[in-house]
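Worksheet: one structure, shown below.
Numbering (the working numbering), first residue to last: 1 to 308.
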């Protein structure tokens with residue numbers, strides 16, 4: 001099991017629920033090593049003193065706040081905790097609001113709240129009360145060295161804490177050129193509205209996140225496997241360029257015609273999803289073993305020297 005990011009308690013009124021905080025997100029990004037293109041040796045960074053130019057070990061690094069030019073106050077881990085002990089150890093619920101009242105642009109990062117053994121009863125009580133009332137608990141919490149606005153909501157058997165952006169961190173939509181509210185200002189016709197509703201109705205389905213895949217991740221991994229398999233001295237054949245539809249930016253297209261054509265094609269994402277799923281299944285190949293970057297780079301460089 002992953003280590004908790006934070007240990008503390010949910011509090012509201014006199015209620016105290018001991019919990020642990022775990023990241024809900026498991027990022028699957030590629031991690032690339034930087035290499036010197038001349039010999040493919042790994043490139044690294046060093047921490048150094050800007051005063052002496054000498055390397056500084058991690059154990060000698062501290063955090064400092066520059067309050068005047070070249071004048072610093074040094075802060076320790078204990079200082080961050082002592083700044084507000086209560087705030088750094090509690091998820092302090094300030095209010096309960098209807099779930100649907102929080103606009104999506106406020107949401108930031110999700111975390112799972114897991115109760116300790118002695119907090120399970122009250123945890124369950126809060127979870128089911130929020131669920132039955134369709135409510136979200138608005139709170140503030142300190143994670144690492146920053147205080148976050150957050151909401152606690154029930155999701156299945158868990159309580160999920162989502163950090164939120166503060167209102168002053170969001171840009172006002174008035175800064176953008178957006179169409180006026182309503183359809184009249186955009187001269188949308190009743191026929192276009194009817195066709196749009198039909199198309200949206202045809203594409204409406206239940207939320208199923210498993211159907212959506214990071215296809216770029218898969219495509220890039222396939223490309224990496226091809227390069228490993230072909231070797232550094234072989235030229236990897238570029239895939240044939242896909243036939244593109246002619247650009248229509250210079251043409252005036254009737255909106256109703258486009259909507260009608262979309263409906264005639266089936267419009268719905270379901271057909272596209274099914275086709276993509278069958279294509280993915282047909283093209284699936286057993287995973288190849290990826291050579292670790294350090295040894296692989298050395299072998300490649302050695303092979304080049306041998307051929308030379």
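For glycine and all other residues, C-beta sits at the position ideal for the given N, C-alpha and C.
How would you label residue i, buried or exposed, when you count the other beta carbons within 10 angstroms and need 16 or more for buried?
{"i": "residue 117", "result": "exposed"}
{"i": "residue 91", "result": "buried"}
{"i": "residue 10", "result": "buried"}
{"i": "residue 17", "result": "buried"}
{"i": "residue 286", "result": "The predicted model places residue 286 with a pLDDT of 38, which falls under 50 and marks its position as unreliable; any figure quoted below should be read in that light. By the 10 Å Cβ count, residue 286 comes out exposed."}
{"i": "residue 217", "result": "exposed"}
{"i": "residue 159", "result": "buried"}
{"i": "residue 148", "result": "buried"}
{"i": "residue 142", "result": "buried"}
{"i": "residue 5", "result": "exposed"}
{"i": "residue 113", "result": "buried"}
{"i": "residue 119", "result": "buried"}
{"i": "residue 175", "result": "exposed"}
{"i": "residue 69", "result": "exposed"}
Residues in its own chain within less than 7 Å of residue i by CB, not counting five upstream and five downstream?
{"i": "residue 36", "result": "43"}
{"i": "residue 102", "result": "136, 151"}
{"i": "residue 165", "result": "106, 108"}
{"i": "residue 186", "result": "179"}
{"i": "residue 14", "result": "none"}
{"i": "residue 77", "result": "none"}
Considering only the beta carbon of each residue, do residue i and residue j sit closer than 8 Å?
{"i": "residue 99", "j": "residue 126", "result": "no"}
{"i": "residue 123", "j": "residue 161", "result": "no"}
{"i": "residue 46", "j": "residue 55", "result": "yes"}
{"i": "residue 214", "j": "residue 28", "result": "yes"}
{"i": "residue 153", "j": "residue 183", "result": "no"}
{"i": "residue 340", "j": "residue 94", "result": "No statement about residue 340 is possible, as the shown extent of the chain runs from 1 to 308 and does not include it."}
{"i": "residue 220", "j": "residue 30", "result": "yes"}
{"i": "residue 155", "j": "residue 97", "result": "no"}
Suppose the cutoff is 8 Å on Cβ atoms and the five residues either side in sequence are ignored; what does the same chain contact list for residue i look like?
{"i": "residue 256", "result": "189, 191, 192, 195"}
{"i": "residue 170", "result": "105, 106"}
{"i": "residue 263", "result": "195, 198, 199, 202"}
{"i": "residue 266", "result": "202"}
{"i": "residue 66", "result": "72"}
{"i": "residue 58", "result": "47"}
{"i": "residue 50", "result": "none"}
Starting from the C-beta of residue i, find all residues in its chain whose C-beta is less than 6 Å away, skip the five residues before and the five after it, and write them out in chain order.
{"i": "residue 109", "result": "163"}
{"i": "residue 115", "result": "19, 123"}
{"i": "residue 74", "result": "62, 64"}
{"i": "residue 89", "result": "8"}
{"i": "residue 80", "result": "145"}
{"i": "residue 12", "result": "93"}
{"i": "residue 34", "result": "43"}
Contact criterion: CB-CB distance below 8 Å. Does residue i meet it with respect to chain B?
{"i": "residue 66", "result": "Of the protein chains in the structure, only one exists, and it is not chain B."}
*Does the count of Cβ pairs from the stretch 16-26 and the stretch 203-210 closer than 8 Å reach three?*
no
_Any beta strand (DSSP E) of 3 or more consecutive residues that is wholly inside the stretch 141-218_ = 146-155, 158-164
_Quick check on the DSSP output: what are the complete beta strand (DSSP E) runs of length 3 or more inside the stretch 93-143, in order along the chain?_
107-115, 135-143
*Curious, which full-length alpha helix (DSSP H) runs of at least 4 residues does the stretch 26-87 contain?*
77-83
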